[in-house]
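K.L.:
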Amino acid sequence: MSLLVVGTVAFDAIETPFGKTDKIVGGAASYISLSASYFTKEIGIVSVVGDDFDENFKSLLTSKGIDLGGLQVKKGEKSFFWKGKYHTDLNSRDTLDTQLNVLEKFDPVVPENFKNAEFLMLGNLVPAIQQKVITQMNKRPKLLVLDTMNFWLDIALEELKKTIAMVDVLTINDAEARQLSGEYSLVKAAQKILEMGPKVLIIKKGEHGALLFNKEQVFFAPALPLEEVFDPTGAGDTFAGGFIGYLAQTKDISFENMKRAIIYGSAMASFCVEKFGTQKIENLTQEEVDERIQEFVDLVQFDIALV
Ligand code: AMP
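Take the sequence shown: its position 35, counted from the start at 1, is 41 in the numbering used here, and no numbers get skipped.
If you want it as structure tokens, here you go:
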């Protein structure tokens, strides 16, 4: 197994200035694994759904080579449900409803064939459950990446700090970095968060790109200026999937390669926001992905001759 992905597999209801959906498929692990599947095969998911979950979506994931052996299905129970509404600038949103449902009593079991995964992506989920997955691995994966959200910062901060201390890379958005560190300056916030355990921190800034920090260096990846942005839901997860998928493909976890990986993550996220839910990232071609990467290269490449 190359990549193990943990996170919600869920139903979402989304409202943006461009439209509204009732109950569509979402969840952190869904976006992450779909996005990563463009870079690496041998992906497994550990998560839980109720028996109300969409069979067609499960078949879609399987058709992408994603192993659902670690996806528990709870009879008579409901899948995790999240409802969010975006503000007019699409950079911020309000969570209108979070129903944990099956997550409330979820006890993750990592299947034997996932326990030697080289890369572990801990997507947005209950922090104590993320820890339970780490401790079930046979050996420490080559790289552990953690993503989380203000919801867990608000209600499970101490558990979340324990999970943060166990990982190599943390990805959060700018508001969450400020909340976690108590610092307004993102540079100071990064320094404080890197003291909490991770060697690398990624701060996502929506349409303003993403920052990659380690203790000595910082690198910036822009977001592609897009004509049409319909729905930012899952952009952070899709970013994380592209990031870890590229690292799993290249097997190089140096800071230099992580710079390339955040460009891949940003490219995948730029697709995600163009349609509602997972729609756009379900069926991309390799050519489309390559062209998007080239657009990023063209966007930021310039020569300066200092005299
Ligand atoms: P993103 O837009 O990248 O932050 O991810 C949105 C996805 O996260 C949605 O598909 C939701 O189902 C999922 N989600 C929302 N709230 C939570 C939560 N508290 N824990 C885990 N997943 C969540």
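Using N, Cα and C, we set each Cβ at its ideal position, and we do this for glycine too.
All figures in this text were calculated on a predicted structure; none of them were measured in a lab.
Using a Cβ distance threshold of 8 Å, determine whether the segment 111–127 contacts the segment 248–258, with at least three qualifying pairs required.
P.N.:
yes
K.L.:
Could you give the distance in angstroms between the alpha-carbon of Ile-49 and the alpha-carbon of Glu-297?
P.N.:
24 Å
K.L.:
For Gln-136, which residues in the same chain have their Cβ closer than 6 Å to its Cβ, ignoring the five residues on either side in sequence?
P.N.:
Leu-128, Thr-169
K.L.:
When the Cα of Tyr-37 is compared with those of Glu-293, Ile-310, Lys-286, which residue comes out closest?
P.N.:
Lys-286
K.L.:
Grouping DSSP H, G and I as helix and E and B as strand, with all else coil, what is Tyr-92?
P.N.:
strand
K.L.:
Which word fits Val-175, buried or exposed, when buried means at least 16 other C-beta atoms lie within 10 angstroms of its C-beta?
P.N.:
buried
K.L.:
Rounded to a whole number of angstroms, what is the C-alpha to C-alpha distance between Val-11 and Ala-311?
P.N.:
45 Å
K.L.:
When you compare only the Cα positions, how much space is there between Ala-162 and Ile-199?
P.N.:
17 Å
K.L.:
Straight-line CA distance for Phe-120 to Leu-74?
P.N.:
11 Å
K.L.:
Could you check where the beta strand (DSSP E) with Gln-103 kicks off and where it finishes?
P.N.:
According to the sequence shown, residue 103 is Asp rather than Gln. Asp-103 -> beta strand (DSSP E) spans 99–105.
K.L.:
Over what stretch of residues does the alpha helix (DSSP H) that includes Phe-236 continue unbroken?
P.N.:
Careful: Phe-236 lies outside any alpha helix (DSSP H) and carries neither H nor E.
K.L.:
At the level of alpha carbons, what is the spacing between Phe-24 and Ser-53?
P.N.:
C-alpha separation (whole angstroms): 31 Å.
K.L.:
Count the other C-beta atoms from every protein chain shown that fall within 10 angstroms of the C-beta of Leu-131, then say buried if there are 16 or more, exposed otherwise.
P.N.:
buried
K.L.:
Using the Cβ count rule (16 or more neighbours within 10 Å means buried), how would you classify Asn-107?
P.N.:
buried
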